[in-house]
Amino acid sequence: MGTELMLDVGQANEIKLAAVRAGATNTDLKRLSEGDMFTRILPVLRGLGEVTITKYIVDLDADPMVYRDWKVEEHIKGGQFEFDQVKVGLHLDEEQKEGGVIIANKLREKLKGQPVYNANLLDFYLAHPNLIPDEWKGKVIVFWGTIYRNSRDRLLVRCLFCLNDKWSWIYRQLDCDRFGTPAPAAVAVRRRRPGRGSRK
């Protein structure tokens, strides 16, 4: 018969600090309490099992998925991306912050030259929804690296979106849609790690 589990403030803080050192997120900690996740991890903690790391390679050079009568207008290739959520950040333009809005075409121009991800990463997330951070819910994640043109000659961009706890994709028209409140549009960008001589 097991003893009663006690978790005091000190132990909770130790777990928090260890999670921070490992680069864990609130989403990661939440998943520890879901389903049988802790049951699966416990043997590893007790030295009775081993962890096998699954590596995912996202081909950002491949041709993107084409929907119905769409055509690919622009597709910024990004090589073979060894998936790491730390390398995927969310970016808001200054005009989007504090309740502001910005026309999609204008935002696209302002993002030129930025390391935006293309729609291949969006489709990777849809194939692996368990890897999508919970913090992304309520946001429209725009993958500016791929721009489409439909049969009406409208330019479109695909976005990752969660509705009723189910992840899917939607599209936005560049000539008329605005990104802002109540769900500010976010752009997936590659985080640059500071190097020597870089400013913090």
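If you use our numbering, the sequence shown closes out at 363, no skipped numbers anywhere.
Note that the Cβ used here is the ideal one computed from N, Cα and C, for glycine as well.
Note that the structure is a prediction, hence the values are computed from the model and not measured.
Residues sharing a beta bridge with residue i, DSSP
i, result
"Asp222", "Gln243"
"Trp332", "Leu323"
"His291", "Partner(s): none; His291 has no beta bridge."
Buried versus exposed call for residue i [16 or more other C-beta atoms within 10 Å across all chains shown]
i, result
"Met164", "For Met164, the predicted model reports a pLDDT of 43, less than 50, meaning its position is unreliable; a value from the coordinates is still stated below. With fewer than 16 Cβ atoms within 10 Å of its Cβ, Met164 is classed as exposed."
"Leu323", "buried"
"Pro357", "Summary for Pro357: the model assigns pLDDT 45, below 50, so the residue's position carries little reliability; its value from the coordinates is reported in the next sentence. Exposed."
"Leu168", "exposed"
"Ala282", "buried"
"Val251", "buried"
"Ala351", "buried"
"Pro347", "buried"
Among the options, nearest to residue i - alpha-carbon criterion
i, options, result
"Arg335", "Pro296, Asn268, Glu298, Lys273", "Asn268"
"Lys218", "Arg231, Pro227, Asp247", "Asp247"
"Val221", "Glu236, Gly210, Phe244, Met228", "Phe244"
"Leu337", "Leu319, Trp330, Lys329, Val350", "Leu319"
"Thr190", "Leu326, Asp297, Lys302", "Asp297"
"Trp307", "Leu326, Tyr280, Arg317, Phe287", "Tyr280"
"Ile366", "Pro347, Arg317, Pro278", "What the structure shows of the chain is the stretch from 164 to 363, and residue 366 is not part of that stretch, so it cannot be assessed."
"Trp330", "Asp340, Ala349, Lys302", "Lys302"
"Cys325", "Val305, Cys339, Val249", "Val305"
"Asp328", "Arg231, Leu289, Gly276, Ala175", "Leu289"
Supposed contact pair residue j and residue i - C-beta distance, whole angstroms, cut 8 angstroms
i, j, result
"Gly242", "Asp224", "6 angstroms"
"Lys234", "Arg315", "Lys234 to Arg315, Cβ: 12 angstroms. No contact."
"Phe146", "Leu270", "Nothing can be reported for residue 146, as the shown portion of the chain is limited to 164 through 363."
"Leu285", "Trp332", "6 angstroms"
For this session: Evaluate contact between the region 259-268 and the region 179-186, counting only Cβ atoms and requiring at least three cross-stretch pairs below 8 angstroms.
Result: Three or more Cβ pairs closer than 8 angstroms define a contact, and the region 259-268 falls short of that threshold against the region 179-186.
For this session: Assess, as a yes-or-no matter, whether the region 202-214 is touched by the region 284-296 under the definition of 3 or more beta carbon pairs within less than 8 angstroms.
Result: They do not touch, by the three-pair rule.
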